[in-house]
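In our numbering, the protein residues as written are 76 to 211. C-beta atoms are modelled at their ideal positions from N, C-alpha and C, and glycine is treated no differently. Down below is the structure, laid out as structure tokens.
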């Protein structure tokens, strides 16, 4: 099945695995919150046990060096696409309010990005993540 839009997550390639997974989880929650129509129907197994709904399309996860991540951030901003960001400072905070304050304290061009997620037209997202490679 082909989709007209794409969800992509880019995480910095120098993070430990646990941080990459944590960053990815937080970032996709931002896409889900901003674009709820991307969420499919709830799941149910053969026994009738109910499960939460998830994205109705694939999420592509990439890794990249810091410079590529910064370039992707700039491209997403230039194209006006919705984006969630995760900065290095968020590893030191313990709640949502402090997370937002940590991002708010840093100018856009000085964010120490460790990840971002973006949703938009396939070709635009492809251009944004150019230089990143699929996460192994």
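Burial of residue 159 is indicated by the presence of at least 16 other C-beta atoms within 10 angstroms of its C-beta. The criterion of a C-beta distance shorter than 8 Å is not satisfied by residue 86 and residue 134. Taking 8 Å as the cut-off, the beta carbon of residue 117 is found closer than this to the beta carbon of residue 126. For residue 172, no beta strand (DSSP E) run applies; the uninterrupted alpha helix (DSSP H) run containing it begins and ends at 171-179, by DSSP.
Excluding sequence positions up to five before and after residue 119, its CB lies within less than 6 Å of the CB of 125, all in the same chain and listed in chain order. Where residue 104 is concerned, the enclosing alpha helix (DSSP H) starts and stops at 92-109. Residue environment analysis places residue 95 among the buried positions, since at least 16 neighbouring C-beta atoms fall within 10 angstroms of its C-beta.
In the three-state reduction of the DSSP assignment, residue 156 falls in the coil class. The beta carbons of residue 130 and residue 107 sit closer together than 8 Å. Taking a 10 Å sphere around the C-beta of residue 115, we find fewer than 16 other C-beta atoms and assign the residue as exposed. According to the DSSP secondary-structure assignment, residue 194 is paired through a beta bridge with 82. Between the segment 178-193 and the segment 145-162, the count of C-beta pairs closer than 8 Å reaches three or more; the two stretches touch.
For residue 128, no beta strand (DSSP E) segment is defined, and its DSSP state is neither H nor E.
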